[in-house]
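Chemist: These protein sequence lines map, in sequence, to chains A and B.
Going by the working numbering, the first residue of the first sequence is number 12, and it counts up by one from there.
Going by the working numbering, the first residue of the second sequence is number 11, and it counts up by one from there.
Pasting a structure here, questions to come.
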Amino acid sequence: MNNSSNNEERKECLIISWKDLKQGALIRDLKRIRENKTGSWRSLKPIWNKEKCINCYRCWMFCPDAAIIIENDKVVGINYDYCKGCGICANECPKKVQAIIMEREVK
Amino acid sequence: MILAKTGNEAIAYAMKQINPDVVAAYPITPSTEIVQIFSSYVADGVVDTEFVAVESEHSAMSACIAAAASGARAMTATSSQGLALMHEMLFIASGLRLPIVLCVVNRSLSSPLNIHCDHTDSLASRDSGWIQIFCEDAQEAYDTTICAVKIAEKAFLPVMVTIDGFIISHCMQKIEVLSDEEVKAFIGEYKPNYNLLEVDNPITLGPACLPDSFFEHKRAQAEGMNQALTHIEEVFQEYKEKFNRELTILEGYKTEDAELAIICMGSTAGTAKIAVNNLRNQGYKVGLFKLRVFRPIVAKYLQKALKNIKILGILERMEGLSAFGGPLFNEIRSVLYDEPKRPITISYVYGLGGREITPEEIEEVFLELLSLKNKGEKDIEKFKYINVR
Numbered sequence: 012m013n014n015s016s017n018n019e020e021r022k023e024c025l026i027i028s029w030k031d032l033k034q035g036a037l038i039r040d041l042k043r044i045r046e047n048k049t050g051s052w053r054s055l056k057p058i059w060n061k062e063k064c065i066n067c068y069r070c071w072m073f074c075p076d077a078a079i080i081i082e083n084d085k086v087v088g089i090n091y092d093y094c095k096g097c098g099i100c101a102n103e104c105p106k107k108v109q110a111i112i113m114e115r116e117v118k
Numbered sequence: 011m012i013l014a015k016t017g018n019e020a021i022a023y024a025m026k027q028i029n030p031d032v033v034a035a036y037p038i039t040p041s042t043e044i045v046q047i048f049s050s051y052v053a054d055g056v057v058d059t060e061f062v063a064v065e066s067e068h069s070a071m072s073a074c075i076a077a078a079a080s081g082a083r084a085m086t087a088t089s090s091q092g093l094a095l096m097h098e099m100l101f102i103a104s105g106l107r108l109p110i111v112l113c114v115v116n117r118s119l120s121s122p123l124n125i126h127c128d129h130t131d132s133l134a135s136r137d138s139g140w141i142q143i144f145c146e147d148a149q150e151a152y153d154t155t156i157c158a159v160k161i162a163e164k165a166f167l168p169v170m171v172t173i174d175g176f177i178i179s180h181c182m183q184k185i186e187v188l189s190d191e192e193v194k195a196f197i198g199e200y201k202p203n204y205n206l207l208e209v210d211n212p213i214t215l216g217p218a219c220l221p222d223s224f225f226e227h228k229r230a231q232a233e234g235m236n237q238a239l240t241h242i243e244e245v246f247q248e249y250k251e252k253f254n255r256e257l258t259i260l261e262g263y264k265t266e267d268a269e270l271a272i273i274c275m276g277s278t279a280g281t282a283k284i285a286v287n288n289l290r291n292q293g294y295k296v297g298l299f300k301l302r303v304f305r306p307i308v309a310k311y312l313q314k315a316l317k318n319i320k321i322l323g324i325l326e327r328m329e330g331l332s333a334f335g336g337p338l339f340n341e342i343r344s345v346l347y348d349e350p351k352r353p354i355t356i357s358y359v360y361g362l363g364g365r366e367i368t369p370e371e372i373e374e375v376f377l378e379l380l381s382l383k384n385k386g387e388k389d390i391e392k393f394k395y396i397n398v399r
């Protein structure tokens, strides 16, 4: 998706009148959910250490926002657009490994 | 076909003929029989319904919401505390515009604990966005339950059909029923607005709507209720044309030349008709209005019907605890406010917790209204009770 069309869709979403709404407050266009970058809610930020990571996927399994990025069966990083900074990944990362630590978010 | 049925049996029989896809329910007096009888229809294989025996009324309504959102025709029944426990989910059902039909057998709310009839339970749900239709007897309950399915599915709003606990729910009456085929043809197929189980067209239901959009959704929902009366009128008209049975929205009984009238909902209308007849025989010009549709507020019907009445007694089977009368009194009074010709309105709270009301007591109300005829409005005490010690 390119950014300019995203912004237009978002603008349209904000000015829509009640007369144009679908009954029941449902969303048919699921693309719009991607625009809601929940990463902005974060006050703590997970920092992933590639050297320490053993690719056990515990962080990936437990992340409620599907924000752990896996490529070719390996953890490659964290999607900060959607990570809300809940810290579950850091908590689930095995104590002996500690490949993810939480730091204060700087904005 | 004519059958002898209690109010509960009549509703269960209507549900059998409706044959909903899902019924999720939890038993509570005095509505228990409805789901008990219906579950035996399920066990006997007379209906195709998926019956979900849930662990609470909150879950019953939750399951109905999920079923309706998945394209199923869903129904349930409850009373009193059960409806109170559903309260949170009532708003979700209407907000999602799901045409669920809920049969409410009216019972008081605790405390103190009481299992008998008053209208506190459904009137306390009045702002939940549900259509509410009150029934006088078993026949009306049967007919209205069938119509409710169609009204709900036209308006995309959930509907409550109510009967008075024990007085109607457990009282056997003669009712005329339609054939299964007639009911099936009348209600037709449910064509949902959306379906959660359509995996090729995924949707998000019940999303968070923040200050930039929540307001618009509520405004749109309000429009649904604004349009609801048209759907009720259409369905009742079609029912009359097909089966020659008239379902009213606001029934007037001997009101054409009446100066004094009372208005009430539910089974008391039957009692009041006897009182009206007795007084008419003595030459008094009195009449009765039976309000059937409480939500939406049928303002135009009320304004038109009440304009020539001098004094109106509003019989309310609920103590509103507002220090200014209950919901029925306040809403009827508010509806009349802008009218150039309107009656003086007086609130009569009666029948709480199943306290009997007799024709004689209603005659006394009429005679009291008569004695007030020459008094100024300001001198009249507005808030009265019938038969309280």
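We put the beta carbon where it would ideally sit given N, CA and C, even for glycine.
Looking at chain B, is there any beta carbon in it that lies within less than 8 Å of the beta carbon of G98 (chain A)?
Modeler: Walking along the first sequence from the start, residue 98 (chain A) turns up at place 87. It does not; no Cβ of chain B falls within 8 Å.
Chemist: Is the Cβ of H227 (chain B) closer than 8 Å to any Cβ of chain A?
Modeler: If you number the second sequence from 1, residue 227 (chain B) lands on position 217. At least one chain A Cβ lies under 8 Å of H227 (chain B).
Chemist: Are there any heavy atoms of the ligand GDP lying less than 7 Å away from the beta-carbon of V64 (chain B), as far as the coordinates show?
Modeler: This structure simply doesn't include the ligand GDP, nor any ligand for that matter.
Chemist: How long is the line joining the alpha carbons of H227 (chain B) and E62 (chain A), rounded to whole angstroms?
Modeler: Within the second sequence, the letter at position 217 stands for residue 227 (chain B). Within the first sequence, the letter at position 51 stands for residue 62 (chain A). Roughly 49 Å separates the two Cα atoms.
Chemist: When burial is assigned at 16 or more other CB atoms within 10 Å of the CB, is P57 (chain A) buried or exposed?
Modeler: Residue numbering aside, residue 57 (chain A) sits at position 46 when the first sequence is read from its first letter. Per the 10 Å Cβ criterion, buried.
Chemist: Where I161 (chain B) and A70 (chain B) are concerned, what is the direct C-alpha to C-alpha distance, given to the nearest angstrom?
Modeler: Locating residue 161 (chain B) in the second sequence gives position 151, where the first residue counts as 1. Locating residue 70 (chain B) in the second sequence gives position 60, where the first residue counts as 1. Rounded to whole angstroms, I161 (chain B) to A70 (chain B) spans 21 Å at the Cα level.
Chemist: Considering just the uninterrupted stretch of the alpha helix (DSSP H) at V52 (chain B), what are its terminal residues?
Modeler: Mapped onto the second sequence, residue 52 (chain B) falls at position 42. Per DSSP, V52 (chain B) belongs to the alpha helix (DSSP H) from T42 to A53.
Chemist: With a threshold of 8 Å between beta-carbons, can M12 (chain A) be considered close to chain B, or not?
Modeler: Within the first sequence, residue 12 (chain A) is the residue found at index 1, counting from 1. In this predicted model, M12 (chain A) has a pLDDT of only 39, less than 50, meaning its place in the structure is not dependable; the value taken from the coordinates is given anyway. So no, M12 (chain A) is outside the interface.
Chemist: What residues in its chain sit with their C-beta under 7 Å from that of N205 (chain B), if we drop five residues either side in the sequence?
Modeler: By 1-based counting over the second sequence, the position of residue 205 (chain B) is 195. Excluding residues within five positions, the ones whose Cβ falls inside 7 Å are S80 and G81.
Chemist: If I follow the unbroken alpha helix (DSSP H) through Q231 (chain B), where does it start and stop?
Modeler: The residue given as residue 231 (chain B) occupies position 221 in the second sequence. Per DSSP, Q231 (chain B) belongs to the alpha helix (DSSP H) from F224 to F253.
Chemist: Can you tell me whether K300 (chain B) is buried or exposed? The criterion is at least 16 other CB atoms within 10 Å of its CB, across all chains shown.
Modeler: Your numbering for residue 300 (chain B) matches position 290 in the second sequence. When all chains shown are included, K300 (chain B) counts as buried.
Chemist: Which full runs of the beta strand (DSSP E) of 3+ residues lie inside the segment 178 to 219 of chain B, going along the chain?
Modeler: 182 to 186
Chemist: Nearest-angstrom Cα distance between Q237 (chain B) and W59 (chain A)?
Modeler: Indexing the second sequence from 1 puts residue 237 (chain B) at position 227. Indexing the first sequence from 1 puts residue 59 (chain A) at position 48. Looking at the two C-alpha atoms, the distance is approximately 56 Å.
Chemist: May I ask which residues mark the beginning and end of the alpha helix (DSSP H) holding C113 (chain B)?
Modeler: Numbered from its first residue, the second sequence carries residue 113 (chain B) at position 103. Here C113 (chain B) belongs to no alpha helix (DSSP H); instead the beta strand (DSSP E) covers V111 to N116.
Chemist: Within its chain, find whatever has a CB closer than 6 Å to the CB of N13 (chain A); leave out the 5 residues flanking it on each side and keep chain order.
Modeler: One-based indexing of the first sequence puts residue 13 (chain A) at position 2. Here the model assigns N13 (chain A) a pLDDT of 44, short of 50, so the residue's position is not dependable and the matter cannot be decided.
Chemist: Does any C-beta atom of chain B lie closer than 8 Å to the C-beta of R39 (chain A)?
Modeler: Position 28 of the first sequence, counted from the first residue, corresponds to residue 39 (chain A). Yes, R39 (chain A) counts as interfacial toward chain B.
Chemist: In chain order, what residues of the segment 79 to 111 of chain A put their CB closer than 8 Å to some CB of chain B?
Modeler: Those would be none; no residue qualifies.
Chemist: What do you reckon, are the CB atoms on I390 (chain B) and I354 (chain B) nearer than 8 Å?
Modeler: As a position in the second sequence, residue 390 (chain B) is number 380, starting the count at 1. As a position in the second sequence, residue 354 (chain B) is number 344, starting the count at 1. Going by C-beta atoms, I390 (chain B) is nearer than 8 Å to I354 (chain B).
Chemist: Strictly below 9 Å CB to CB, what residues from chain A border N203 (chain B)?
Modeler: If you number the second sequence from 1, residue 203 (chain B) lands on position 193. Neighbours of N203 (chain B) on chain A, chain order: K33, Q34, G35 and L37.
Chemist: Report the three-state DSSP secondary structure of L121 (chain A) (helix, strand or coil).
Modeler: In the structure as shown, chain A begins at 12 and stops at 118. Residue 121 (chain A) is therefore absent and cannot be evaluated.
Chemist: Based on Cα-Cα distance, which residue from B:K392, B:V286, B:Y347 and B:A20 lies nearest to Q149 (chain B)?
Modeler: As a position in the second sequence, residue 149 (chain B) is number 139, starting the count at 1. Minimum Cα distance to Q149 (chain B) is reached at B:A20.
Chemist: Nearest-angstrom Cα distance between N124 (chain B) and S90 (chain B)?
Modeler: In the second sequence, residue 124 (chain B) corresponds to position 114, counting from 1. In the second sequence, residue 90 (chain B) corresponds to position 80, counting from 1. Going from the Cα of N124 (chain B) to the Cα of S90 (chain B) covers about 9 Å.
Chemist: Just tell me which of A:C67, A:P75, A:N66 and A:C70 has its CA closest to the CA of G50 (chain A).
Modeler: Your numbering for residue 50 (chain A) matches position 39 in the first sequence. The shortest Cα separation from G50 (chain A) among A:C67, A:P75, A:N66 and A:C70 belongs to A:P75.
Chemist: Give me whichever residues DSSP pairs with P57 (chain A) in a beta bridge.
Modeler: As a working mapping, residue 57 (chain A) is identified with position 46 in the first sequence. Looking at the DSSP assignment, P57 (chain A) forms a beta bridge with A:M113.
Chemist: Between B:S357, B:K320 and B:D147, which lies nearest to F334 (chain B) when the distance is taken from Cα to Cα?
Modeler: What you label residue 334 (chain B) is simply residue 324 of the second sequence in a count that begins at 1. When each option's Cα is compared against that of F334 (chain B), the closest is B:S357.
Chemist: Could you work out which residues of chain A lie near G105 (chain B), taking near to mean beta carbons separated by less than 9 Å?
Modeler: Here residue 105 (chain B) corresponds to residue number 95 of the second sequence, with the count starting at 1. Under the 9 Å cutoff, chain A gives G35 and A36.
Chemist: Figure out for me which residue from B:F144, B:E233, B:D190 and B:Q231 has the closest Cα to the Cα of E261 (chain B).
Modeler: Position 251 of the second sequence holds residue 261 (chain B). Selected option, being the one with the closest Cα: B:F144.
Chemist: Using a Cβ-Cβ cut-off of 6 Å (strictly less than) and excluding sequence neighbours within five positions of R229 (chain B), which residues of its own chain qualify?
Modeler: Sequence index remark: in the second sequence, residue 229 (chain B) carries index 219 (1-based). Excluding positions up to five away in sequence, the list is empty.
Chemist: Could you have a look at S357 (chain B) and say whether DSSP puts it in helix, strand or coil?
Modeler: In the second sequence, residue 357 (chain B) corresponds to position 347, counting from 1. Here S357 (chain B) sits in strand by DSSP.
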